[in-house]
Amino acid sequence: MRGQTFKYERIHPYKQRKSSSHAHFGPTIQRMPKYSVEAIPFRWMRRDSYERYSRPWGIDLDNSLETAADALMSYKSGWIQDHRNQLAMLDSFFSALRPRKSLVLLYVKDLPLVEERQAGERFLVGAGLVDSVDPCVEWEYIDDGPIRSVLWERGVSHSIRPNFTDGFLLPYQQLLSDPAFQHLDLAEYVARTPADHFDEFSYVSELVSHDGAIAALTELARVVDLIGDKIDGPWDQVAAWIGDRLGEAWQARGPYPGLGPMLAAAGLERGPLLARRVLDTLDDDADPWPAISMAISSNLDGLVGRTARKAWEQLLVDEPRYQQLRVMSRFSLTVGQARDLFEKLGPTPVLDNPYVLYEQGRACKEPPALSTIDRGLFPQDASARTALARDAIAEPVEEAGDDRRVRAASVEVLERAAEQGNSVLDEAGLRRRLTRLQLTPLCDPVNATFEIAVKEFAPVLTERAMANDAGRAWQLNRLAEATDRIAAEVHTRAETLALDADWDWASRIEAVLPAAEERTAETEARTEKAHALELIVRRRISALIGPAGTGKTSMLEALCDDDDLKSGGILLLAPTGKAAVQLSARTKLKALTLAQFLRRHDRWDFDSGAYYMNTEAARFRGAKTVVIDEASMLTEEMLAATIDALVGVERLILCGDPRQLPPIGAGRPFADIVAFLRDSEQPGGGVAELRTIRRQTASADAVLDDVAMASLFSIDAVMPGAEEALARAIAGDGDGRVQVLTWEDEPDLHHKVVEALCAEPDLGLDAKCRGAICRSFGADCEDDGLPRFPWGSAGKGAENWQLLSPVRARPGGVAGLNELVRKTWRGTDSNLALKSYKFAPPMGADGVIFADKVMCVRNDHDREGTDPDGWQKVRDGVANGEIGMIVRSAGKKGKPPNGQTVEFSTQPHRQYTFWRNELNDGGEGSQEWLELAYAVTVHKAQGSQFKVTFVVIPDPCPLLSPELLYTALTRQNNKVVLLKQGSTANLREFAAPERSATARRLTCLFSPVDPFVLGDVVLDGHRIHRTGRDELVRSKSEVIVADALADVLAPLGLDYGYEVKLEFPGEFPRRPDFTIVRPGKPTIYWEHLGMLDLAGYRADWDARKKWYAHHEILPWTDGGGPGGTLVWSEEGITGKGISSRAIRELAASVFGA
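Residue numbers for the sequence shown follow full-length UniProt numbering, so the first one is 1 and each next one is one higher.
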């Protein structure tokens, strides 16, 4: 809020660039009153908005004036240039504002409280009333000239004041800075603009419909209610103010807010203006339809042409269609929505159940929101209700628990649940979420009315059984079809006999792996890979899994090198462009993204990005072997669409690491398939798991420290050396692959990040040397004091090091880290780029400049690039997630540079130029093409590898999960520097099973859904391991051990503790699997060992036993020690599984039971 009047000097942007037409424009002073906003209706000033505004709303524009302006500028502009046309549009826009009646809704495109902003997302900041609107200001002129223009912005004074008596701002800054909120996901406290009113909250300033205002005010009221008892402020007063404005908005809305768009949908091009003219002459409760017919027949104000009149007459004789138009006019639809739905749906479904407009509209280009339809059926204004009672709905929607409403609301709940990763919801979860929808009246049906609605759920929703006959669950129909398609395919393949293949498996592996020293672990690794290669070649469906560095890609190299398989066709697919590029590079075969492949086979929609099955489209028959890499990123719909597009495939191989983050979208099919194949004993399916890391040869069989530490956050198994590795790193005496630092606040973090970067000898960074940052990414010399990157291979240097953080804008986030790098090493380079004619100016939201490290954040599979060796044009495309370096500025000959040329690490000898109009295009629904990438979020780094990573862990941080930390700690090839806020003693807490992002998703792919409620968290019972007393543990083996201990200890009056912290002064705490305290006797510490068939695992266990012995905790076989007794149970030796009876006998022996 500006409490003072201010002024500023404007210089017309064309004064220098278009001197032939604008040289006479002089500096112009514009004054803005206190407590005002600068309203600029950019979209109204676009020439291509003529059809949108001028014709429907009767605004007279003279196109000849724009043609003359273009001739003067020698340039065809996209903006209105002549002052007469500008005033026609601007005066029309600002004339809609009524002092003390019109609302001012303030929004922003980004907020630090939201970690991953979706494309086109907007956030409400506050609201007030319009107090006044300033007149327009014309540009000052030095002398007479050929063209005149006005300033587009006008001051709009508003009623918001610091005491919030007549408007308010939400306390986002307090939420961000108050330590009491740091442990919360603050996204819940953010007010979002209504998604189906996107255009009304875009292009800087726009007029908002009454429905858009009601939706925005309702959302603001939700947030005010949340913060009311958490942050000091007059929130009761604000809530009352919002309530008053809502009442006014409902009254102004009237009964038929969609009348104009529906008239346009019926063939009356200027329907919106006609409707406005007619409604302005009527009382609130008057019936508008006779007046509309009269206006059309009389050609009111010349708004109805001959064809439009005939279209209306034709509609009047089709009574059902006319009644459909009347009913649809209740809803605040856009012209595009009205046309799509009026053409798609006939009268009967709409008149029987108006909610089908929402249910069926979900597939439209502009889907209407449920709240839009609901407001039209439950208007909160008495006169509107009276008017709507005249409509011909056979069975009006009058009850909050109407079965049609409950079904539509259930669809909305399941759609939102799918966005959060759930492909199914149980009845309790569904009904709990129904009450959270922002609908008035509340949708909270009693049992009887819910049962009535359930009978009508089909075919929109599919009912599923729950595990153990515990009740019912539902899926969206399209997700149910995807689930069934995947399950059927996997079952069929798994039950089919294996393929015949007689290869020398060991030789095939030796051919693709480098020579290595003979060590037990190395021998195990090669044997492991040979067995895995045989499995994926012979099985009809297989999962190739393992952490980064175990050699999954080498396995695929061996597979793709076989002539017989190649002759049968090999199709390589990946969910992201980055993964496809990497897969192509390693296998020497062309890999496609799923979107590329499925678009060719009519199963992917370019506009919406939706994956879908299509039984009528052609199927691909060109490959007997199909490999999908990075399969952990697949949603159920992605995998189902892919399976649906394939025929004649002999072997389907899914490759990835199920311990990584689950996909963005519904389901986690890869993790579910891995679990299913592991549990089944069928001949056609199997899991090939690579467990031995070959990332870098070590001098002994012990597991590398970074690998062991990452296993702390594995959702299925923790290596015995994990805590030892972390303890060594903290003490500074590890193998050099892990360094752990702590920080207190953001300034402390930034200081330590710079120190840590400069301390890495291979990076050559010096905080006092500006050019060092570019050399750290591979710049090999300097040209005129500026770096030069290796020709054709500059992108590889981008992988030398990487800053990672789970958060974007909060303390410790990538926004601050990128700014830190820029400030430390590139402080003056942006100014240099602005002033120099050799370099393009800063571009995009991040202001990227020459020699910046950047990430591409959009896909363009057909983008043109250049091979710098021969300057040949190529069309290899660019992919979301590719990281590279800006190697030069680009521009037309004789013109200042206006593009940045990037070489990506995944595409050596390829350069792609991104132009200024792409990076600064102002497109409201678009994303940036390039972002700064010195620091990126862990999510965006998934699938990438770097030599050295610096992983920042803020604490508290509600986003932390075992999968996120595991992903973060497996991105390095050589070393990881972990920067943890506060103490490291609680790191293990982030690995708790209840924090698992995978377990928090409900699916029913191979078994009925089994929700398990733990406090405020709902977990999938199939993805967690529960003891007999519902305690969560990490593995099935630990369930067996825990239950055996409980049975043996209970008669003795003893109990165990799971992962109880064991602390010694000056040391990192350990957490034995089970701790049993015995009164008057030494404590027993019980460890379960699950992978003793691996040399590295055995070596780590030997080291852990030595640690126990150092603290006088000795094996039970030796009678224990004064510090305690160590007991262990085993599995995995020479193929030996776990024996429940053996563990019970061991427990009985140890405790004398």
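Just so it is clear, CB atoms sit at the ideal spot from N, CA and C, and this is done for glycine as well. Computed from a predicted model, the values in this text were never measured in an experiment.
It is roughly 8 Å from the alpha-carbon of residue 259 to the alpha-carbon of residue 331. Residue 953 and residue 575 have their C-alpha atoms some 28 Å from each other. Boundaries of the beta strand (DSSP E) harbouring residue 474: 472–476, taken from the DSSP string. When the Cα atoms are used, residue 1020 and residue 975 turn out to be separated by approximately 35 Å. Around the beta-carbon of residue 791, fewer than 16 other beta-carbon atoms lie within 10 Å, marking it exposed. By the neighbour-count definition (other C-beta atoms within 10 Å, threshold 16), residue 1113 is a buried residue. For residue 1019, the enclosing beta strand (DSSP E) stretches over residues 1017–1020. Inter-segment contact for the segment 767–776 and the segment 1006–1019 is absent: fewer than three beta-carbon pairs are separated by less than 8 Å. Going by beta carbons, residue 441 and residue 400 fall inside the 8 Å limit. Per the C-alpha coordinates, the member of 446, 1085, 1068, 1065 positioned closest to residue 1074 is 1085. As DSSP reads the structure, residue 355 sits in no beta bridge. Of 938, 1034, 542, the smallest CA-CA separation from residue 661 is found for 938.
Taking 8 Å as the cut-off, the beta carbon of residue 754 is found closer than this to the beta carbon of residue 824. Residue environment: residue 769 is assigned as exposed (fewer than 16 neighbouring CB atoms within 10 Å of its CB, all protein chains considered). For residue 856, the uninterrupted beta strand (DSSP E) run begins and ends at 853–856, by DSSP. Within a 10 Å sphere around the beta-carbon of residue 894 sit fewer than 16 other beta-carbons, which makes this residue exposed.
With contacts defined by Cβ atoms closer than 8 Å, residue 919 and residue 844 form a contacting pair. Counting only runs of 4+ residues, the alpha helix (DSSP H) found wholly inside the segment 391–435 occupies 403–419, 427–434, in chain order. As the crow flies, the alpha-carbon of residue 43 is around 52 Å from that of residue 739. When the beta-carbon positions are compared, residue 704 and residue 693 come within less than 8 Å of each other. Residue 32: member of the beta strand (DSSP E) spanning 28–32, first to last residue.
Counting along the chain, the unbroken alpha helix (DSSP H) around residue 641 starts and ends at 636–644. In the DSSP annotation of this structure, the continuous segment of the alpha helix (DSSP H) that includes residue 563 starts and ends at 563–568. If you check the CB distance, residue 1130 and residue 1094 do not come in under 8 Å. In the three-state DSSP reduction, residue 682 falls in the coil class, being neither helix nor strand. Residue state for residue 328 is assigned as helix, using DSSP reduced to three classes. With a threshold of 16 other beta carbon atoms within 10 Å, residue 759 falls short and is exposed. Closest in C-alpha terms to residue 750, from the list 763, 778, 1049, 819, comes 819. According to the DSSP assignment, residue 464 belongs to the beta strand (DSSP E) that extends over 461–465.
Between residue 684 and residue 540, the beta carbon gap of about 4 Å places them in contact (Cβ cut-off 8 Å). Residue 18 is positioned such that its CB atom lies closer than 8 Å to that of residue 73. Beta bridge pairing from DSSP links residue 860 with 878. Residue 158 is bridged by DSSP to 130. Of the candidates 1003, 1032, 1105, 1003 places its Cα closest to the Cα of residue 426. Separation of the CB atoms of residue 322 and residue 333 is rounded to 17 Å, and the pair is thereby denied contact status at 8 Å.
No Cβ-Cβ contact shorter than 8 Å links residue 538 with residue 506.
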